[in-house]
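*Asks:*
2 protein chains.
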Amino acid sequence: MTKKTSTEWHGCPIRYGASIFGDNWCLLILRDLMFKSARHYADFLNAGEGIASNILAARLERLEAEGIITKLRDPDHGVRRIYALTDKGLGLVPAMLEIIDWSETWDTQTEVPTEFAEALRTDRRALAEKITAELIAAR
Amino acid sequence: MTKKTSTEWHGCPIRYGASIFGDNWCLLILRDLMFKSARHYADFLNAGEGIASNILAARLERLEAEGIITKLRDPDHGVRRIYALTDKGLGLVPAMLEIIDWSETWDTQTEVPTEFAEALRTDRRALAEKITAELIAAR
DNA sequence: TATTTAACTTGCAAATAACAAGTAAAATAG
DNA sequence: CTATTTTACTTGTTATTTGCAAGTTAAATA
Numbered sequence: 010m011t012k013k014t015s016t017e018w019h020g021c022p023i024r025y026g027a028s029i030f031g032d033n034w035c036l037l038i039l040r041d042l043m044f045k046s047a048r049h050y051a052d053f054l055n056a057g058e059g060i061a062s063n064i065l066a067a068r069l070e071r072l073e074a075e076g077i078i079t080k081l082r083d084p085d086h087g088v089r090r091i092y093a094l095t096d097k098g099l100g101l102v103p104a105m106l107e108i109i110d111w112s113e114t115w116d117t118q119t120e121v122p123t124e125f126a127e128a129l130r131t132d133r134r135a136l137a138e139k140i141t142a143e144l145i146a147a148r
Numbered sequence: 010m011t012k013k014t015s016t017e018w019h020g021c022p023i024r025y026g027a028s029i030f031g032d033n034w035c036l037l038i039l040r041d042l043m044f045k046s047a048r049h050y051a052d053f054l055n056a057g058e059g060i061a062s063n064i065l066a067a068r069l070e071r072l073e074a075e076g077i078i079t080k081l082r083d084p085d086h087g088v089r090r091i092y093a094l095t096d097k098g099l100g101l102v103p104a105m106l107e108i109i110d111w112s113e114t115w116d117t118q119t120e121v122p123t124e125f126a127e128a129l130r131t132d133r134r135a136l137a138e139k140i141t142a143e144l145i146a147a148r
């Protein structure tokens, strides 16, 4: 039996992962960063999910503190900040793709573009690398 | 650019996934089911994370309502219930493995057994299938 | 110099979680 | 066959978090 014992798994990876992944708003912010080209505060605020401004600020701060995103001045517009995924944040792309695949498989309401679903099924690693490369190019 | 538009991604897979994955306690319950052979209410309650009994009951109900777990009488002990992953729940094993891998990679505190980490890196699909097969055999 | 833009902050009401204790049904012990 | 224990919850209360509406601040544009 593949089994955890409390000694073998002392620093539990799921518990750590849950500190970021186990939060509804963090997941949606990461989605916007990865798949919706969100970069500015207002992008997340107006992403259509209805996140409150104080909650958004708190989550961005948490993600930054965890080293998952960076917050930098926008050189084109000094009052703006640009939020971007760090390498650690980009490391979550494969996990996100798994969740997308799972939702597509099991939730009838979920509608993923055919092209994307196809890429997910046929060459997931390539898709992850493509998305990652694009995000690196854009930052 | 790989990009979501609101029309193409109407039933958003991340939003759906977040309804289960985006919850700390749900993630830990799924972990216990997948990797710690948890089956009974008390197993989750005493998993060491300190979940409150009312919260546990609420989460188990939600997971059951979402079709991710089943709740059945224990034939050996009528007052007991056995909680087990459905096929839909088993479908989350790969996503969980991605999170484990990510935590192992990026969190210094996380300690995954060497054998497990090795299997994760060399043959992830095989590992997912092995875990899934074991869980099916046990239910 | 005055207004607007963009990123937050603040204060408060409502919802959710955590804590401690209690209940109910079935099993075991005497 | 009755009394105790086991197991899975529920209930009531307090603490924490969220959601909402409005306000603040710094930089850009008019």
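Protein chains in written order, with our numbering: chain S, 10 to 148; chain E, 10 to 148. All C-beta atoms, glycine included, are put in the ideal place defined by N, C-alpha and C.
Give, in chain order, every unbroken run of the alpha helix (DSSP H) that is at least 4 residues long and sits entirely within the region 72–118 of chain E.
*Replies:* 96–99, 102–115
*Asks:* Considering Cα atoms alone, identify which of S:Tyr50, S:Pro22, S:Ile29, S:Ala146 is closest to Arg82 (chain S).
*Replies:* Along the first sequence, one-based indexing puts residue 82 (chain S) at 73. It is S:Tyr50.
*Asks:* If you measure between the beta carbons of Arg133 (chain S) and Leu99 (chain S), is that distance less than 8 Å?
*Replies:* Translated into positions along the first sequence, residue 133 (chain S) becomes position 124. Translated into positions along the first sequence, residue 99 (chain S) becomes position 90. Contact: no.
*Asks:* What residues from chain S crowd round Tyr25 (chain E), counting only those whose CB sits closer than 8 Å?
*Replies:* As a position in the second sequence, residue 25 (chain E) is number 16, starting the count at 1. The contacting residues are Ser112, Asp116, Gln118, Thr119.
*Asks:* Could you tell me the distance, in whole angstroms, from the CA atom of Ala27 (chain E) to the CA atom of Cys35 (chain S)?
*Replies:* Locating residue 27 (chain E) in the second sequence gives position 18, where the first residue counts as 1. Locating residue 35 (chain S) in the first sequence gives position 26, where the first residue counts as 1. Approximately 9 Å, taken between the alpha carbons.
*Asks:* Return the residue from the list S:Glu73, S:Trp111, S:Ala104, S:Ile91 that minimises the CA-CA distance to Asp96 (chain E).
*Replies:* Position 87 of the second sequence, counted from the start, is the residue given in the question as residue 96 (chain E). Of the candidates S:Glu73, S:Trp111, S:Ala104, S:Ile91, the one whose C-alpha sits nearest the C-alpha of Asp96 (chain E) is S:Trp111.
*Asks:* To the nearest angstrom, report how far apart Arg24 (chain E) and Leu37 (chain S) are at their CA atoms.
*Replies:* Looking up residue 24 (chain E) in the second sequence gives position 15. Looking up residue 37 (chain S) in the first sequence gives position 28. Their Cα atoms are separated by approximately 7 Å.
*Asks:* Taking DSSP as the reference, what is the three-state secondary structure of Lys12 (chain E)?
*Replies:* By one-based count along the second sequence, residue 12 (chain E) stands at place 3. In this prediction, Lys12 (chain E) scores a pLDDT of 47, lower than 50, which makes its location untrustworthy; the coordinate-derived value is nonetheless stated afterwards. Of the three classes helix, strand and coil, the one that applies to Lys12 (chain E) here is coil, per DSSP.
*Asks:* Using the rule of at least 16 other Cβ atoms within 10 Å of the residue's Cβ for burial, across every protein chain shown, is Ile145 (chain S) buried or exposed?
*Replies:* As a first step, residue 145 (chain S) must be located in the first sequence, where it is residue number 136. Classification for Ile145 (chain S): exposed.
*Asks:* Do Glu113 (chain E) and Thr119 (chain E) have their CB atoms nearer than 8 Å?
*Replies:* Taking the first residue of the second sequence as 1, we reach residue 113 (chain E) at position 104. Taking the first residue of the second sequence as 1, we reach residue 119 (chain E) at position 110. If you check the CB distance, Glu113 (chain E) and Thr119 (chain E) come in under 8 Å.
*Asks:* Just the chain E side, please: which residues come within less than 7 Å of Ile38 (chain S) by C-beta, in chain order?
*Replies:* Numbered from its first residue, the first sequence carries residue 38 (chain S) at position 29. Within 7 Å Cβ-Cβ: nothing; Ile38 (chain S) doesn't reach chain E, min ~10 Å.
*Asks:* Would Ile109 (chain S) pass as a contact of Leu94 (chain S) if the rule is Cβ separation under 8 Å?
*Replies:* Position 100 of the first sequence, counted from the start, is the residue given in the question as residue 109 (chain S). Position 85 of the first sequence, counted from the start, is the residue given in the question as residue 94 (chain S). A distance of 8 Å or more separates the beta carbons of Ile109 (chain S) and Leu94 (chain S).
*Asks:* I'd like to confirm the pairing. Which residues does DSSP put opposite Asp52 (chain S) in its beta bridges?
*Replies:* Along the first sequence, one-based indexing puts residue 52 (chain S) at 43. In DSSP, Asp52 (chain S) forms no bridge with anything.
*Asks:* Work out the CA separation of Ala67 (chain E) and Leu62 (chain S) for me, nearest whole Å.
*Replies:* Residue mapping note: residue 62 (chain S) aligns to position 53 of the first sequence, counting from 1. Residue mapping note: residue 67 (chain E) aligns to position 58 of the second sequence, counting from 1. What sits at residue 62 (chain S) in the sequence shown is Ser, not Leu. Approximately 28 Å, taken between the alpha carbons.
*Asks:* Give me the chain E residues within the contact set of Leu54 (chain S), using Cβ-Cβ distance strictly less than 9 Å, ordered along the chain.
*Replies:* What you label residue 54 (chain S) is simply residue 45 of the first sequence in a count that begins at 1. The premise fails here: Leu54 (chain S) is roughly 15 Å from chain E at the closest Cβ pair, so nothing lies under 9 Å.
*Asks:* Excluding the five sequence neighbours on either side, which residues of its own chain have a C-beta within less than 8 Å of the C-beta of Lys80 (chain S), listed in chain order?
*Replies:* To locate residue 80 (chain S), count along the first sequence from 1; it is residue 71. Here the set comprises Leu69, Glu73, Arg90, Ile91, Tyr92.
*Asks:* Under a three-way DSSP split, which group does Ala128 (chain E) fall into?
*Replies:* Locating residue 128 (chain E) in the second sequence gives position 119, counting from the first residue. In the three-state reduction of the DSSP assignment, Ala128 (chain E) falls in the helix class, which pools H, G and I.
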